[in-house]
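Q:
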Amino acid sequence: MRVLVIGAGLVGTAAGARLRSAGHHVTGTTTTPARVEDLRRRFDDVVVLRGTDRAAVARHVADADAVVVTAGPAAARAMTPEDRAATYHEVLVETALSVTAAGAGTHLVALSALSVYGNACDHLDEVTEDAPVTSDDDPSPRMFLAMEQVYRDTAGDRLTIFRCGDVFGADDPPIEAKVALAHTHLGGSVPFGADALFYRLSVDDAADAVLHAVQNELVGVFNLTHPEVPPRNAELFDTIAASQGLEPLVYRAEIAAPSVPVSTRRLAEAGFVAERSYVPHPLLAR
């Protein structure tokens, strides 16, 4: 099978490696020409491609049997509403419009985020894929939901959407470094809510889930994270901050996320469980 992976970041690169190991011919894309040589060691083919380039995306989608869209906004450009507004539409929605405009009948796998639920489900016992989504105006959930809708409108019968937890692993800095960075570069505040549960997703689980979706032509929306209930943001982040001699963070609650457990049963029933994504932090006695 010929697979096109749009976005050769943490998840895209790992997913490409899994797909190649399973015998598929994998083309990866990057927006950075300087990364091409390194990525050629990881993909069968590499192309420099922006998701906004309709004609170029259409050409490559037409040659693929499956398309995996892992492109996502960089965290460094997502710390304020203004940054998110400037980047999320281009990276998420414009890429979706380009992929679906190609008109091919390929299977699509797209990565979304658990933030699409916001706090709209906090009155429920758990968050299932059929639960309400947020109506918040923040660009993060709004653009992820707009992206999902573009894919549904055109490719709903051949589409996998994974609503993912916070991705970690590979070259991503550890959470301790991110907490310190929030103090040194962000003035000690973060755009998240204090009470939201800190659901995570390892790069390895994300890559294996993509492989599972492609090989089984999985169709539907699935929460992709660990089944265990994690600590809340403030519980974890402020414990880490205290261990570093730092003040507790300020939680601006611009990007809401569920404060009740997230269900992963639907994906488990489809044959996949994220077994490496829950790593209890040693500073928390749980």
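Residue numbers (the UniProt record's numbering): 1 to 286.
In this text, a Cβ means the ideal position worked out from N, Cα and C, and glycines have one as well.
All of these numbers come straight from a predicted model, not from anything done at the bench.
Taking the straight line between their C-alpha atoms, what separation do you get for P191 and L246?
A: Each residue's alpha carbon lies about 18 Å from the other.
Q: Residues in the same chain with beta-carbon distance under 8 Å from P231, minus the five sequence neighbours each way, listed in chain order, please.
A: Excluding residues within five positions, the ones whose Cβ falls inside 8 Å are L197, F198, H281, L284, R286.
Q: How is T160 classed by DSSP in three states: helix, strand or coil?
A: T160 falls in the strand class under three-state DSSP.
Q: Does the segment 97-108 come close enough to the segment 41-48 that 3 or more CB-CB pairs lie under 8 Å?
A: No, because fewer than three Cβ pairs between the segment 41-48 and the segment 97-108 fall closer than 8 Å, the two stretches do not touch.
Q: Compute the distance between the beta-carbons of T128 and S263, then report whether it is under 9 Å.
A: Their beta carbons are under 9 Å apart, which means T128 touches S263 by this criterion.
Q: Can you look up G51 in the DSSP assignment and give me helix, strand or coil?
A: Coil.
Q: List in chain order: all unbroken alpha helix (DSSP H) runs of 4+ residues lying wholly within the segment 178-236.
A: Here the runs fully enclosed are 203-216.
Q: F168 by DSSP, collapsed to three states: which one?
A: Note: F168 maps to strand in three-state DSSP.
Q: If I measure Cβ to Cβ from A155 and keep anything under 7 Å in the same chain, skipping five residues before and after, which residues do I get?
A: Once the five neighbours on either side are set aside, the close Cβ partners of A155 are T100, L108.
Q: Output the residue ranges of the alpha helix (DSSP H) runs that lie fully inside the segment 12-91 and measure 4 residues or longer, sorted by chain position.
A: The qualifying runs are 36-39, 54-62, 81-88.
Q: What are the partner residues of S112, as DSSP defines its beta bridges?
A: Paired residue(s): R163.
Q: Just the Cα atoms here: how many angstroms apart are H60 and T29?
A: Spanning the two alpha carbons is a distance of roughly 10 Å.
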